[in-house]
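S.K.: Quick one: the structure is below, questions incoming.
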Amino acid sequence: MLLFIEQLLNGLQLGIMLFLMSAGLTLVFGIMQVINLAHGSFYMIGAYVGATVIAHTGSFTLGILAALSAAALAGMVVEALVLRRLYKKDHLDQVLATFGLIMFFNELTRIIWGRQPLFMDVPSWLAGSIELIPGVPYPSYRVAVIVVGIGVGGLLYLLFTRTRIGMQIRAGASNREMAAALGVNIRLLYTLVFGLGTLLAGLAGVMAGPILAVEAGMGESILILTFVVIVIGGIGSIRGALVGALLVGLVDTLGRAFLPAVLRLFLTPAYADGAAASLASMSVYLLMAAVLVWRPKGLLPAHG
Amino acid sequence: MNRRTIAITIGAVALVALPSLASMADEPYLVTLFSRILIYALAAVSLDLMLGFGGMVSLGHAAFFGIGAYVVVILSFHAVEGTALLTWPLQLDGHQSVLVVWPIAVLLAAAAAAVIGALSLRTSGMHFIMITLAFAQMLYYFFVSLEAYGGDDGLSLFSRNTAPGIDLGDERQFYYLCLAALAAFLFFSWRLVHSRFGMVIRGCMENERRMKSLGFATFRYRLVCFVIAGAGAGLAGALIANQTEYVSPGLMHWTRSGEILVMVLLGGMGTLFGPVLGAATLLLVEELLSIYTEHWMVYLGPFLILVVLFAKRGIYGVLAGGNGNHD
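Note that the protein sequences, when read in sequence, are chains A and B. For the record, in the first sequence the residue sitting at position 130 is 129 according to numbering that gives the first Met the number 0, with numbers rising by one throughout. For the record, in the second sequence the residue sitting at position 151 is 150 according to numbering that gives the first Met the number 0, with numbers rising by one throughout.
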């Protein structure tokens, strides 16, 4: 039971990370109609810049701030230089151009930081563990990640529903021409939305730093999971991204933790472990396939 | 003779003469390199069937490529070990012969394509791209976790497959086998594209709703196209496993799908010979750049972006002139 709660929290934490990634990406998909494969690169940029600043200054807070600004800045520059030219092109061109961006960023990080992965330490004030439920110690850092993620989710909700800029973003999403005709600077708005998305990716990256290794190509493994989340949740829908992220996080984590034990009930141990490993690594994709059969547009599609 | 015929003739003659030229220039490595190019060209042509003629942007094509390769290596592994692949529900032994192994590779790739296609084709546009990508990654992780066949490290092929009358171990003979496979697939694709089926598929790309109202079961046509493309990639996979004598999950990683997609676009989408040119160009550029710098991707990435933004018709479009997309 204790193990179960712990794994549940791990799943929640992975779900939160995925939410941070997919919230930004789903906005870019939904509002700009652009498929952006390079979203993982901003996650990677956040992690690298964060790790470097923390290593030099020793301050985790400074590291996070640097990671956020680097990711947001890189995002806005990329939007202005490349993505902006892709809005009117078809999806295939967008796939190829952003694939080119991935190659560029991965190799650039290899040139700047080398091939060896960097390691980030958890800040000392988050190094311990706390008992959320009596008798279940859980690392404070992971709790902090969950709290930050929930906080960001709340802020996003307020931004979209309660502010003028949120209203403009929603207007731009449902009808670009009409919003522009009413005086909204769509170009600037798109750059800002893209920057917001990459900022969230950078946040996810720097928070993942102490949990995973910081290395070139780290963005791609989470990018694919992010796609799964978005397909499950429905393109362009933040609520869908939240639901999808939590589902994927929980299914992936719990599958890895408990499938071996479950399969051992039916199969011989040697066989069960192999089968469980395969099945666990495929579980989120099977979940996606099931959702697709049931609802091809995702669980909570943005438009109807 | 128009420019297109001239370009194709020159290309074909060059490919047939390549092993002799390579031995004259005393560069036997060229034969190996070009075998690889021909194999990737086959995979790229198969992707172009669904992409350029069917309008289906798949980012998971390497999955079928990888399945074809794994079939060859797994069957050979069991043949060498003398163990059975399956004992229940039916007895399956390993095998080394091209005549047995390759049809299985193609059929299994086609079967996987049928399942993935049937699910993915329920959607379109951006969804379709992401879903094909996700399914390919699923297979990638499946093979990563398949410890019995090397898992992440992959598995070596003990020796190349055997075929009556051909020694696949001989680089030159293997090269001609790859060339024959590519030529056969190109001929098949050419017939296919110009058949009634091809017309329907192209119609679906232009306007699916209209094809539907004309009474065509568009889903079935597109699915068949997806399966044929998967089968072609499976054949390419069987060849690549023999060429490198090694498989690893990396063969089906999504970046590989991306590379194949790049080949198609670079060469010219919606043409049959374009992807061949694209495969040759990309692999040769990679080869050349990697002589000068290990960080060649830092140049290739922006180059791709420039191609997308400014050179839409691809190399073949430029070479073949005006009606490059009508072959």
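We put the beta carbon where it would ideally sit given N, CA and C, even for glycine.
1. Given a threshold of 16 other Cβ atoms within 10 Å of its Cβ, counted over all protein chains shown, does residue 12 of chain A qualify as buried or as exposed?
2. Which whole-angstrom value describes the C-beta separation of residue 106 of chain A and residue 296 of chain B, a residue pair presumed to lie in contact below a C-beta threshold of 8 Å?
3. Decide if residue 70 of chain A is buried, meaning its Cβ has at least 16 other Cβ atoms within 10 Å, or exposed.
4. List the residues of chain B whose Cβ lies closer than 7 Å to the Cβ of residue 90 of chain A, in chain order.
5. Where DSSP assigns a beta bridge to residue 130 of chain A, which residues make up the other side?
6. Cβ atoms of residue 301 of chain A and residue 218 of chain A: under 8 Å apart, would you say?
7. Determine the contact status of residue 222 of chain A and residue 38 of chain A, defining contact as a CB-CB distance below 8 Å.
8. Check residue 96 of chain B in the structure and name its three-state DSSP category.
9. Just how far apart, CA to CA, sit residue 195 of chain A and residue 236 of chain A?
10. Could you tell me the distance, in whole angstroms, from the CA atom of residue 230 of chain A to the CA atom of residue 252 of chain B?
11. Report the residues of the stretch 208-229 of chain A with a CB closer than 8 Å to any CB of chain B, ordered along the chain.
12. In chain order, what residues of the same chain have a beta carbon less than 7 Å from the beta carbon of residue 24 of chain A, not counting five sequence neighbours either side?
13. Pull up the distance between the alpha-carbon of residue 199 of chain B and that of residue 55 of chain B, whole angstroms please.
14. With burial defined as no fewer than 16 other Cβ atoms inside 10 Å of the residue's Cβ, what is the status of residue 90 of chain B: buried or exposed?
15. For residue 301 of chain B, decide whether its Cβ has a neighbour in chain A, counting only Cβ atoms nearer than 8 Å.
16. Here's the rule I'm using: 16 or more other beta-carbon atoms within 10 Å means buried, otherwise exposed. How should residue 9 of chain A be labelled?
17. Could you work out which residue in B/49, B/241, B/195, B/281 is closest to residue 170 of chain B when comparing CA atoms only?
18. Jot down the residue ranges of each uninterrupted alpha helix (DSSP H) in the stretch 111-178 of chain B, minimum 4 residues, whole runs only, in chain order.
19. In the stretch 267-294 of chain B, which residues sit with their C-beta less than 7 Å from some C-beta in chain A, listed in chain order?
20. Under 8 Å, do residue 76 of chain B and residue 154 of chain B count as touching if we go by C-beta distance?
21. Going by beta carbon distance, what residues of the same chain come within less than 6 Å of residue 121 of chain B, once the five residues before and after it are set aside?
22. May I ask which residues mark the beginning and end of the alpha helix (DSSP H) holding residue 17 of chain B?
23. Of all the residues that make up the stretch 252-263 of chain B, which are near chain A by a beta-carbon distance shorter than 8 Å?
24. Quick check on residue 72 of chain A: does DSSP put it in helix, strand or coil?
25. Can you look up residue 181 of chain A in the DSSP assignment and give me helix, strand or coil?
26. Can you look up residue 245 of chain B in the DSSP assignment and give me helix, strand or coil?
27. Among B/259, B/223, B/276, whose alpha-carbon lies nearest the alpha-carbon of residue 191 of chain B?
28. Who does residue 85 of chain B pair with in a DSSP beta bridge?
29. Flag this pair as touching only if the stretch 101-113 of chain B and the stretch 61-73 of chain B have three or more C-beta atom pairs under 8 Å; answer yes or no.
30. Reducing DSSP to helix, strand and coil, say where residue 56 of chain B ends up.
31. In the DSSP output, what is residue 213 of chain A paired with across the bridge?
32. How is residue 83 of chain A classed by DSSP in three states: helix, strand or coil?
33. Do the CB positions of residue 299 of chain A and residue 238 of chain A come within less than 8 Å of each other?
34. I need the straight-line Cα distance from residue 301 of chain B to residue 260 of chain B, nearest angstrom please.
35. Could you round the C-beta distance between residue 282 of chain B and residue 36 of chain B to whole angstroms and report it? I think they count as a contact, below 8 Å.
36. Could you name each continuous alpha helix (DSSP H) segment of 4 residues or more that falls completely within the stretch 180-241 of chain B, going from the start of the chain to the end?
M.R.: So, to answer that:
1. By the C-beta density criterion, residue 12 of chain A is buried, having at least 16 other C-beta atoms within 10 angstroms.
2. 4 Å
3. buried
4. 56, 124, 125, 128
5. A/136
6. no
7. Yes, they are a contact pair.
8. strand
9. Straight-line Cα distance between these residues: approximately 15 Å.
10. 20 Å
11. 219, 223, 226, 227, 229
12. 35, 38, 196, 225, 229
13. Taking the straight line from one Cα to the other gives about 14 Å.
14. exposed
15. yes
16. buried
17. B/241
18. 124-143
19. 294
20. yes
21. So the list is empty, once near-sequence residues are dropped.
22. 2-23
23. Those residues of the stretch 252-263 of chain B placed with their C-beta closer than 8 Å to a C-beta in chain A are 253, 254, 257, 260, 261, ordered along the chain.
24. helix
25. coil
26. strand
27. B/223
28. B/91
29. yes
30. coil
31. A/117
32. helix
33. A contact, by the Cβ cut-off of 8 Å.
34. 16 Å
35. 5 Å between Cβ atoms; contact.
36. 195-205, 207-212
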